[in-house]
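Residue numbers (my numbering): 169 to 438.
Heads up: the structure comes next, in structure tokens.
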Ligand SMILES: [Fe+2]
Ligand SMILES: [Fe+2]
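So this is what it looks like as structure tokens:
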């Protein structure tokens with residue numbers, strides 16, 4: 169492998185700074201969302217369920233940080249981004265929980281207890297090991313490729329929920345969340361691109377097959393915490409990706425990753 173521990177950070181200073189600055193300007197109105205009130209009868213029950221489970225999931229992102237830190241080792245810039253990203257996902261938790269409270273469908277102690285019982289770290293790490301296309305792959309690369317898929321999946325899920333919720337105020341909030349998720353998706357892309365500038369041709373040749381392997385066996389983070397399947401949230405999340413949406417995800421991701429197919433002809437052996 170070209171990149172060996174201690175995993176020096178690749179240079180993404182402007183990228184990191186741009187994301188940091190943009191992140192600090194998000195949700196200036198967060199405090200004003202405190203006393204939302206909605207008519208629950210207006211909202212389809214599956215959307216209420218989606219809002220509750222994704223609020224819990226966004227709260228659970230704090231758990232996901234462990235796997236990111238493990239895979240980014242001592243690459244401090246990516247660790248720094250992970251912490252920043254987690255804080256932004258926590259903002260989504262606050263927004264979604266306010267909506268749930270406004271719908272009189274707040275999360276319960278049982279929900280939080282179910283989340284805490286999850287064995288996310290071990291399950292996620294086992295999944296990443298299983299789908300890794302090359303045993304010597306730099307885990308940062310795998311985590312960033314997975315991040316592109318995971319975040320774009322979130323974009324589509326929130327966009328679909330906005331379209332189906334039947335309330336313009338909730339729809340506007342969900343679209344803002346989707347916009348943040350697109351930003352997260354883009355960060356993973358630019359970080360991957362910056363990393364690849366420091367990789368061998370052989371390492372670059374792993375990107376396309378790794379994307380294909382993840383897409384062919386995509387497990388969202390919620391699938392690694394048992395409680396989400398118990399409350400029917402795992403299927404619900406992906407059910408918002410109907411045929412049309414699923415095609416859109418496949419098209420977007422294939423278009424993005426197809427530029428890495430060219431490296432597949434590389435004769436270099438890593
Ligand atoms: Fe989020
Ligand atoms: Fe996100």
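Positions of the beta carbon are idealized from the N, C-alpha and C atoms, including for glycine.
Under 8 Å between C-beta atoms of residue 219 and residue 262:
Locating residue 219 in the chain shown gives position 51, counting from the first residue. Locating residue 262 in the chain shown gives position 94, counting from the first residue. Result no, Cβ atoms of residue 219 and residue 262 do not sit closer than 8 Å.
Report the rounded CA-to-CA distance for residue 191 versus residue 319, giving the unit in angstroms.
Translated into positions along the chain shown, residue 191 becomes position 23. Translated into positions along the chain shown, residue 319 becomes position 151. C-alpha separation (whole angstroms): 16 Å.
Cβ of residue 284 within 7 Å of any heavy atom in ligand 2?
Locating residue 284 in the chain shown gives position 116, where the first residue counts as 1. Residue 284: no, Cβ never under 7 Å from ligand 2.
Among the residues of its own chain, which have a CB less than 7 Å from the CB of residue 346, if the five just before and after it don't count?
Walking along the chain shown from the start, residue 346 turns up at place 178. The residues are 323, 326, 327 and 330.
Cα-Cα separation, residue 344 to residue 321
Here residue 344 corresponds to residue number 176 of the chain shown, with the count starting at 1. Here residue 321 corresponds to residue number 153 of the chain shown, with the count starting at 1. Taking the straight line from one Cα to the other gives about 15 Å.
Three-state secondary structure (DSSP) of residue 215:
Residue 215 sits at position 47 when you count from the first residue of the chain shown. In the structure shown, residue 215 sits in a helix (DSSP, three-state: H, G or I).
Considering only C-alpha positions, which residue in the set 389, 308, 335 and 410 is nearest to residue 360?
Stepping through the chain shown from its first residue, residue 360 is reached at position 192. If we check each option's Cα against that of residue 360, 308 comes out closest.
Quick check on this structure: which residue in 195, 406 and 256 has the alpha carbon closest to the alpha carbon of residue 317?
Sequence index remark: in the chain shown, residue 317 carries index 149 (1-based). Checking every option, the nearest Cα to that of residue 317 belongs to 406.
So is residue 374 buried or exposed if we call it buried at 16+ other beta carbons inside 10 Å?
Counting from 1 along the chain shown, the entry for residue 374 is found at position 206. Buried, since its Cβ has 16 or more Cβ neighbours within 10 Å.
Span separating the alpha-carbon of residue 222 from that of residue 187:
The count along the chain shown starts at 1 and reaches residue 222 at position 54. The count along the chain shown starts at 1 and reaches residue 187 at position 19. Looking at the two C-alpha atoms, the distance is approximately 23 Å.
Less than 8 Å between the C-beta atoms of residue 250 and residue 258, yes or no?
Mapped onto the chain shown, residue 250 falls at position 82. Mapped onto the chain shown, residue 258 falls at position 90. Not closer than 8 Å, so no.
Sorted by chain position, which residues of the same chain lie with C-beta nearer than 8 Å to residue 424's C-beta, five sequence neighbours on each side aside?
Within the chain shown, residue 424 is the residue found at index 256, counting from 1. The answer, listed in chain order, is 316 and 357.
Does at least one heavy atom of ligand 2 sit under 7 Å from the Cβ of residue 322?
Against the chain shown, residue 322 aligns to sequence position 154. Yes, ligand 2 has a heavy atom inside 7 Å of this Cβ.
Let me check understanding here. Comparing Cα to Cα, which of 230, 336 and 242 lies closest to residue 286?
Position 118 of the chain shown, counting from 1, holds the residue named residue 286. The candidate whose alpha carbon is nearest that of residue 286 is 230.
CB of residue 319 to nearest heavy atom of ligand 2: below 7 Å?
If you number the chain shown from 1, residue 319 lands on position 151. Result yes, Cβ under 7 Å from ligand 2.
Does ligand 2 have even one heavy atom less than 7 Å from the beta-carbon of residue 231?
Position 63 of the chain shown, counting from 1, holds the residue named residue 231. Not so, every heavy atom of ligand 2 lies at least 7 Å from the Cβ.
With contact counted as at least three CB pairs below 8 Å, one residue from each stretch, are the region 290-298 and the region 387-401 in contact?
yes
Can you list, in chain order, the residues of its chain whose CB lies under 7 Å from that of residue 302, leaving out five sequence neighbours each side?
Residue 302 sits at position 134 when you count from the first residue of the chain shown. Only 374 meet the Cβ criterion.
Spatially closest choice to residue 237 from 224, 227, 385 and 253, by CA coordinates
Within the chain shown, numbered from 1, the residue matching residue 237 stands at position 69. Of 224, 227, 385 and 253, the residue nearest in Cα terms is 253.
Just the Cα atoms here: how many angstroms apart are residue 338 and residue 370?
Stepping through the chain shown from its first residue, residue 338 is reached at position 170. Stepping through the chain shown from its first residue, residue 370 is reached at position 202. Those two C-alpha atoms are separated by around 47 Å.
Any chance you could list the alpha helix (DSSP H) runs of at least 4 consecutive residues sitting entirely within the region 354-429, in chain order?
369-372, 375-384, 394-398, 401-407 and 411-425
Any heavy atom of ligand 2 closer than 7 Å to the beta-carbon of residue 352?
Here the question's residue 352 lines up with position 184 in the chain shown. Indeed, a heavy atom of ligand 2 lies less than 7 Å from the Cβ.
Residues in its own chain within less than 8 Å of residue 183 by CB, not counting five upstream and five downstream?
As a working mapping, residue 183 is identified with position 15 in the chain shown. Here the set comprises 355, 358, 359 and 362.
Give the range of the alpha helix (DSSP H) segment to which residue 333 is assigned.
Working through the chain shown from its first residue, we reach residue 333 at position 165. Run containing residue 333: none; DSSP gives neither H nor E here.
Which residue comes first and which comes last in the alpha helix (DSSP H) that contains residue 259?
Position 91 of the chain shown, counting from 1, holds the residue named residue 259. Element bounds for residue 259: 244-270.
Hey, residue 313 and residue 210: beta-carbon distance below 8 Å or not?
One-based indexing of the chain shown puts residue 313 at position 145. One-based indexing of the chain shown puts residue 210 at position 42. The answer is no: Cβ separation not under 8 Å.
In the structure shown, what three-state DSSP assignment does residue 197 receive?
Here residue 197 is taken as the residue at index 29 of the chain shown, counted from 1. Coil at residue 197, not helix or strand.
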